[in-house]
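K.L.:
Residue numbers (full-length UniProt numbering), protein chains in the order written: chain A, 1 to 241; chain B, 1 to 241; chain C, 1 to 241; chain D, 1 to 241; chain E, 1 to 241; chain F, 1 to 241.
6 protein chains.
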Amino acid sequence: MHLSDATWTDVRDADADLALLPVGSTEQHGPHAPLGTDAYHAETVAEAGADRHDETVALAPTIPVGVAEEHRRFDGTLWVSPDTFRSYVRDVVGSLAHHGMDRVIVVNGHGGNVPALGEVTATISRHDDAYAVPFTWFEAVGDRSSEMGHGGPLETALLRATHPELVREDRIDEARAGASDGWGDWVSSTNLAHDSAEFTENGVVGDPGTGDAELGDELLDRAAEALDRLLTAVADRDVSG
Amino acid sequence: MHLSDATWTDVRDADADLALLPVGSTEQHGPHAPLGTDAYHAETVAEAGADRHDETVALAPTIPVGVAEEHRRFDGTLWVSPDTFRSYVRDVVGSLAHHGMDRVIVVNGHGGNVPALGEVTATISRHDDAYAVPFTWFEAVGDRSSEMGHGGPLETALLRATHPELVREDRIDEARAGASDGWGDWVSSTNLAHDSAEFTENGVVGDPGTGDAELGDELLDRAAEALDRLLTAVADRDVSG
Amino acid sequence: MHLSDATWTDVRDADADLALLPVGSTEQHGPHAPLGTDAYHAETVAEAGADRHDETVALAPTIPVGVAEEHRRFDGTLWVSPDTFRSYVRDVVGSLAHHGMDRVIVVNGHGGNVPALGEVTATISRHDDAYAVPFTWFEAVGDRSSEMGHGGPLETALLRATHPELVREDRIDEARAGASDGWGDWVSSTNLAHDSAEFTENGVVGDPGTGDAELGDELLDRAAEALDRLLTAVADRDVSG
Amino acid sequence: MHLSDATWTDVRDADADLALLPVGSTEQHGPHAPLGTDAYHAETVAEAGADRHDETVALAPTIPVGVAEEHRRFDGTLWVSPDTFRSYVRDVVGSLAHHGMDRVIVVNGHGGNVPALGEVTATISRHDDAYAVPFTWFEAVGDRSSEMGHGGPLETALLRATHPELVREDRIDEARAGASDGWGDWVSSTNLAHDSAEFTENGVVGDPGTGDAELGDELLDRAAEALDRLLTAVADRDVSG
Amino acid sequence: MHLSDATWTDVRDADADLALLPVGSTEQHGPHAPLGTDAYHAETVAEAGADRHDETVALAPTIPVGVAEEHRRFDGTLWVSPDTFRSYVRDVVGSLAHHGMDRVIVVNGHGGNVPALGEVTATISRHDDAYAVPFTWFEAVGDRSSEMGHGGPLETALLRATHPELVREDRIDEARAGASDGWGDWVSSTNLAHDSAEFTENGVVGDPGTGDAELGDELLDRAAEALDRLLTAVADRDVSG
Amino acid sequence: MHLSDATWTDVRDADADLALLPVGSTEQHGPHAPLGTDAYHAETVAEAGADRHDETVALAPTIPVGVAEEHRRFDGTLWVSPDTFRSYVRDVVGSLAHHGMDRVIVVNGHGGNVPALGEVTATISRHDDAYAVPFTWFEAVGDRSSEMGHGGPLETALLRATHPELVREDRIDEARAGASDGWGDWVSSTNLAHDSAEFTENGVVGDPGTGDAELGDELLDRAAEALDRLLTAVADRDVSG
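1. So, do the segment 19-29 of chain B and the segment 163-176 of chain A have three or more beta carbon pairs nearer to each other than 8 Å?
2. Closer than 7 Å between beta carbons: that is the criterion. Which residues of the segment 33-52 of chain C meet it against chain D?
3. Which chain A residues are close to H98(B), counting only those with a beta carbon under 7 Å from its beta carbon?
4. Taking CB distances under 7 Å as the criterion, tell me whether N194(D) reaches chain E.
5. Going by DSSP in three states, F199(B) sits in which element: helix, strand or coil?
6. Measuring alpha carbon to alpha carbon, tell me which of V187(C), L96(C), H2(C), E198(C) ends up nearest Y131(C).
7. Give the interface partners of residue 289(A) over in chain F, defined as CB-CB distance under 7 Å, in chain order.
8. What are the uninterrupted segments assigned as beta strand (DSSP E) that are 3 or more residues long and contained completely in the segment 107-141 of chain E, given in chain order?
9. Going by the DSSP bridge assignment, what does R73(E) pair with across the sheet?
10. Please list the partners that F135(D) has in chain E, where partner means a Cβ-to-Cβ separation under 7 Å.
11. Count Cβ pairs between the segment 201-217 of chain B and the segment 4-21 of chain C that sit closer than 8 Å; are there 3 or more?
12. Quick check on the burial criterion: 16 or more other C-beta atoms within 10 angstroms. Buried or exposed for W8(F)?
13. Please name the residues in the segment 112-130 of chain B whose beta-carbon is closer than 7 Å to at least one beta-carbon of chain C, in chain order.
14. Is it a yes or a no for the segment 116-124 of chain E touching the segment 75-88 of chain E, going by three-plus beta-carbon pairs under 8 Å?
15. Using 10 angstroms around the beta-carbon of T136(C), count the other beta-carbons present and answer buried if the total reaches 16, otherwise exposed.
16. Can you tell me whether S81(B) is buried or exposed, with buried defined as 16 or more other CB within 10 angstroms of its CB?
17. State the CB to CB distance for the pair A14(F) and T56(F), rounded to an integer number of angstroms; the pair is presumed to be in contact (CB under 8 Å).
18. If you run the structure through DSSP and keep just helix, strand and coil, what is P22(B)?
19. Starting from W8(B), find everything on chain A with Cβ-Cβ shorter than 7 Å and list it in chain order.
20. Below 8 Å on the Cβ atoms is my guess for G203(C) versus H163(C); work out the distance and round it to an integer in Å.
21. Name the one or two DSSP bridge partners that H59(F) has.
22. Which residues in chain E have a C-beta closer than 9 Å to the C-beta of residue 242(F)? List them in chain order.
23. Flag D236(E) as yes if its beta-carbon sits less than 7 Å from any beta-carbon of chain F, otherwise no.
24. Who are the neighbours of L230(B) on chain C, taking C-beta pairs under 7 Å?
25. Any beta-carbon of chain D closer than 7 Å to the one on P61(C)?
26. Taking just the CA atoms, how far does A213(F) sit from V67(B)?
27. Does DSSP put residue 242(B) in a helix, in a strand, or in coil?
28. Does any C-beta atom of chain E lie closer than 7 Å to the C-beta of A175(D)?
29. Looking at the strands, I want to know which residues DSSP matches up with A33(D).
30. Can you look up S81(B) in the DSSP assignment and give me helix, strand or coil?
31. Return the chain-ordered list of same chain residues with a C-beta closer than 8 Å to the C-beta of D75(D), the five sequence neighbours on each side being excluded.
32. Taking the straight line between their C-alpha atoms, what separation do you get for H41(C) and H99(E)?
33. Three-state secondary structure (DSSP) at H150(F)?
34. What residues in the segment 134-157 of chain A have a beta carbon less than 7 Å from any beta carbon of chain F?
35. Less than 8 Å between the CB atoms is what I'm expecting for M101(A) and A16(A), so what's the real figure, rounded?
36. Do residue 313(B) and P64(A) have their CB atoms nearer than 7 Å?
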């Protein structure tokens, strides 16, 4: 049930207690992939997970801008402060819970949101009348997770499977040429770089040429399956404590 | 230029200084219209205004949840606090301005957002490195503005023109039956009701049966034309003061 | 019962549950009217309304500085941020309610306070142990409301009736000469001006020469009568929801 | 120059850089003295100090509600949180400084405001474009300061001199009977009481019968003289550091 | 019971409801005394008071940085804002109370912390599930309190008794030479100086040569005895109100 | 240079621009290890790193309480909110930078602090006049990092090497018996547990019996060496961007 398309009477009649809240980011993904990549992916995975699940799941609208100031040196990157982001997520979850949808999985498409989501879902679960956990799709694709870069093989593959028209295939060589191999500039397990522009020339990490649409389909399948399992676990969990 | 679909290099090359930021709400619109009505309308009008305008305009992703606690008694209504909403809008506008898109029109689809948008655009324009103004589409459709209700003739007409599949035509009679004639419960020019459920039985204000798709097309045309004019005025304004 | 002049034992013995909280502004009102105009008017109207009402009404001291940054380019204009203003009003209402005066009308003399008062009275009524609504005197004088400017006919008339010594009659011609006809600089129903100095040369909107003391008396009578009716409605309202 | 009664053109022409901001409290002062005692006294002293001073001094309107939750168990006591109070004072001083009145003495009538005023004037002076210091009248009356109670000899005397109609002389015996000798409930230099009701039966500390109007005149004279000296010192101080 | 050295099972078994929370400052104390003087003293006094008390007292770890911006012109002085300091103390006390240690004395070694501690302990006691009061050691040493300066006789004496290796005896003459006689720059009972560097050349107030280790022992004894008495009073107090 | 033991003149003369700020936690570490484990370890590692480094490094006092609400069900665990923790760290770093020590490594002993430190060091580096990075000692001990639990082999080993008297060796069997094998309760790469008590009976994760003092010495050596390298990298980094 997409909340945006349902009426309030539909929501009343569905009487769901499970909800998914997709959160993305609008930020650089190299010269070949759109700024909205993370928001598209969060929404795609959330839809697929809800579809696969047996019980009714409310699907909230996607929060499009997240914690992404690290990409500020690349044009078009949008961000809100971590405080603002946490408040926005907390308030939305609070209004879902107000209507009884008080078990909420925040389906996330952006690595930079992870710490803030860990914090805010803990705060909600401890102090508000709701239980919330985060789910970051690319952490839940099994052994594929290790290939995650930024605008790299996994994200580009999933775009090729779901939004092929948004991948600039004619810029893949350029994207590869300016990419870095890994995220960050590390000394003694500390990342010295607070901006991605300190370690990647064009914003890309990893090789965007290596992930085809078939891989994208596989990733979506893995992520949806993982989300389905998580929905079951969240539905069944004793959160009375 | 939809920022979500553009790459950062596209944004860099476009070199726009005008941006539109659509803001909606996810809230009850009666038994016949979807919760996402205001977000859909904000996005539709913003797109139409950008299309009509001669110069390149950056179109930011739509902020889907706004100031709507007044509808909390109707299921599925989502809201954030006015503080959170202002922070979210201010931060997003700040990141647009960081890239030079520092003349921003917040295209609004929800009456409940109006006071918060007036405040935050003033704050931004006075204290940040950007100039921002709000534009609420149904205030800019000329003499039609007076017919605005809630889930009433104007909003339903625009849905019929742009998202007809989302209007439950078979519930229009029901919607009309539970509607109130006007917004609020007034004594001495003061609205005594802080919740919409205090004056409308099913959330509707006005008659949703009276606005057809043709009216919707007319409204969109009027709003787009008004927005185009506003874009020109914003582009030309001396904001150095 | 003026709280400032009552003792705590008087308040205890009066056992009122209705209170009026006047809020003004200290801001430019042209070359002919004092900075304190809005605070004087809020207090005057509140007193008159309380006098007319049958039941005991507690009259809190007037909050003298409000949301008025828009007049910052005119000397002597004082303001607090909207956040600070809302906090101040909310805390004062909270302390009134602590003593059982938990139905509060915020009697307002300044247009710039209106959005913040709408927000904070809703927040109080939904989340605190009190019910509050705003009452802006010049919105409650019937067909006269449409003549409201800034330092214009209505405000000057009320001053002439209540504080004639504060009107500089010898500067009325000057005031008229530098006044604008209307508030703001509008395109497509959007006000492009965030500062009043962008559209009025000397801060005045409307003709201050046209409102005499007789009109002032009439305005006060209308406002007091409207406030009396509102007090009755607030006293009778079911706010248990 | 009372800002409330001046026009913006008067303020412009006066070109003052010194301002006084009176801050009071609306709180219990026993069965014999009004809730507004501290606000009246702050305003009275500020006026007297400004009158005595040679140069033009802007006199801002009095902030009527301060930090007074400690008196919450006595009816009619109003308060704002210390955070709200600091914000209100800081914002008002900021707007005074915006117009060049950037040397501000906060003239205080309430002991409970002292810590918050010390903090906020330091914050303003270190971080904003203004210099501010607090002045608490009853700390500046020489050897008389030691007689200060609450609703006791000093405050009642000053009322008798300036607002005799507000002193309930027929309740002085009652006031004396329920008074405590000193403020607080002390062990090892720590006050164990967070509420005044823990140590005074009717809110009074000290004997309100002992201060006559003559003493009140003397106190006002001493305070005004001290404030005049402080104005000179503030005007002359090098605050460039 | 030092919480830092106890295990959680020790705390569980001790079942204390009294706790001491030492708070210091890391700030200049002249050329002869260490920056950590106030933190050392708070901890020393807290330990001595807990040792002397009959019942089990939980001793929390010392908060090392407080409200000390006034010393910012002297190198190495650390500070947090008063807001941050209050939040830190409030949160720590809240977690103590969560485990039943809900009667907390904040043992303070720094004059600059006093107003913030008065405020936050009142807030905690009125609004949280705990009772808290501050105890500032040098206010509780009887007639010796009047000799308190800054890096002066009392503080240096206590260092000589407890941390003699941290006193640079060879710089005492220098310390004395650059010291001021008193704290602040006073006119009309108002301190015009917001920074200590405005009235003391090297940060010292008072003569650090006059307090020997014997005096230090006496001070510690007095403070510990006072704290022991306060612990008893806090344990016995009815805080149900 | 320990700031707590240095005088302000020492700091002035040392003229360092590098500083270490140790941050710990006071939280359960099983029945065998003290609540202060993380604070002790942060301080120990910071001292060892500073000792090993060639240039002068300022060592700030240890912040003893961090982000640890997840352990709230175990007695004696203290915590502050993530917001409070970030503010405290940011303010302290700001005061270090005020004196020229504007390259700061936050030396961390607690996993729960990691997300908040990542956020606040980025905020500082992007928006304040300082450069800061976090260093979490157990992430910087090479292949040993994978053995990290909670009160497990690594932390207990380091205690045995540095504070053997604080390890309750007679409770090691009990500690092992109630320990869990891993941190959290995972489904689909999401940890469903917001409290450690949901997955460990006595708070321990890992076997505290397997790490001896020799391992502790090795860990300290590795961590100190890593920190020394990081100090060099931070000193040399171009942070002008």
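Positions of the beta carbon are idealized from the N, C-alpha and C atoms, including for glycine. Everything numeric in this text was worked out from a predicted model, so none of it was measured.
P.N.:
So, from the data block:
1. no
2. A33, P34, L35, G36, A39
3. In the second sequence, residue 98(B) corresponds to position 98, counting from 1. Result: R72.
4. Position 194 of the fourth sequence, counted from the start, is the residue given in the question as residue 194(D). This sequence places His at residue 194(D); Asn is not what is there. The beta carbon of H194(D) sits closer than 7 Å to some beta carbon of chain E.
5. In the second sequence, the residue the question calls residue 199(B) occupies position 199. Note: F199(B) maps to coil in three-state DSSP.
6. Along the third sequence, read from residue 1 onward, the residue named residue 131(C) stands at position 131. Taking only the C-alpha atoms, the option nearest Y131(C) is L96(C).
7. Outside the displayed span of chain A (1 to 241) sits residue 289(A), for which this structure offers no information.
8. 131-136
9. For the purposes of this step, residue 73(E) is taken as the residue at position 73 of the fifth sequence. DSSP output for R73(E) lists no bridge partner at all.
10. Residue numbering aside, residue 135(D) sits at position 135 when the fourth sequence is read from its first letter. Going along chain E in sequence order, the residues near F135(D) (Cβ under 7 Å) are S188, T190.
11. no
12. Residue numbering aside, residue 8(F) sits at position 8 when the sixth sequence is read from its first letter. Buried.
13. Answer set for the segment 112-130 of chain B: P115, G118, E119, A122, S125, R126.
14. yes
15. Looking up residue 136(C) in the third sequence gives position 136. Answer is buried; the Cβ neighbour count reaches 16.
16. Position 81 of the second sequence, counted from the start, is the residue given in the question as residue 81(B). Label assigned to S81(B): buried.
17. Taking the first residue of the sixth sequence as position 1, residue 14(F) is located at position 14. Taking the first residue of the sixth sequence as position 1, residue 56(F) is located at position 56. Rounded, the Cβ-Cβ distance is 5 Å, consistent with contact.
18. What you label residue 22(B) is simply residue 22 of the second sequence in a count that begins at 1. Three-state DSSP puts P22(B) in a strand.
19. By one-based count along the second sequence, residue 8(B) stands at place 8. Simply Q28, L35, F74, D75, G76, T77, G203.
20. Taking the third sequence and counting its residues from 1, one reaches residue 203(C) at position 203. Taking the third sequence and counting its residues from 1, one reaches residue 163(C) at position 163. Not really, about 18 Å apart at Cβ, beyond 8 Å.
21. Residue mapping note: residue 59(F) aligns to position 59 of the sixth sequence, counting from 1. The residue you asked about is not His; residue 59(F) is Leu in the sequence shown. BP columns for L59(F) point to H2(F), L20(F).
22. Residue coverage of chain F in this structure runs from 1 to 241, which leaves residue 242(F) outside it and unanswerable.
23. Locating residue 236(E) in the fifth sequence gives position 236, counting from the first residue. Closer than 7 Å: no.
24. Locating residue 230(B) in the second sequence gives position 230, where the first residue counts as 1. The answer, in chain order, is V187, S188, T190.
25. Start at 1 with the first residue of the third sequence, and residue 61(C) comes out as number 61. Yes, P61(C) lies at the interface with chain D (some Cβ there is under 7 Å from its Cβ).
26. Position 67 of the second sequence, counted from the first residue, corresponds to residue 67(B). Position 213 of the sixth sequence, counted from the first residue, corresponds to residue 213(F). Taking the straight line joining both Cα atoms gives about 59 Å.
27. Absent from the model: residue 242(B). The displayed extent of chain B is 1 to 241, so no value can be given.
28. Taking the first residue of the fourth sequence as position 1, residue 175(D) is located at position 175. Taking Cβ atoms only, chain E never reaches closer than 7 Å to A175(D), which makes this a no.
29. On the fourth sequence, residue 33(D) is found 33 positions in, with the first residue counted as 1. Paired residues: H29(D).
30. On the second sequence, residue 81(B) is found 81 positions in, with the first residue counted as 1. It is coil, neither helix nor strand.
31. Walking along the fourth sequence from the start, residue 75(D) turns up at place 75. Within the same chain, D75(D) has close Cβ partners Q28.
32. The residue you call residue 41(C) lines up with position 41 of the third sequence. The residue you call residue 99(E) lines up with position 99 of the fifth sequence. Answer to the nearest angstrom: the Cα atoms are 54 Å apart.
33. Within the sixth sequence, numbered from 1, the residue matching residue 150(F) stands at position 150. H150(F): strand per DSSP, three-state reduction.
34. P134, F135, E139, A140
35. Numbered from 1 along the first sequence, position 101 holds the residue referred to as residue 101(A). Numbered from 1 along the first sequence, position 16 holds the residue referred to as residue 16(A). Contact holds; Cβ gap of about 6 Å.
36. A query on residue 313(B) cannot be resolved here, the shown segment of chain B reaching from 1 to 241 and no further.
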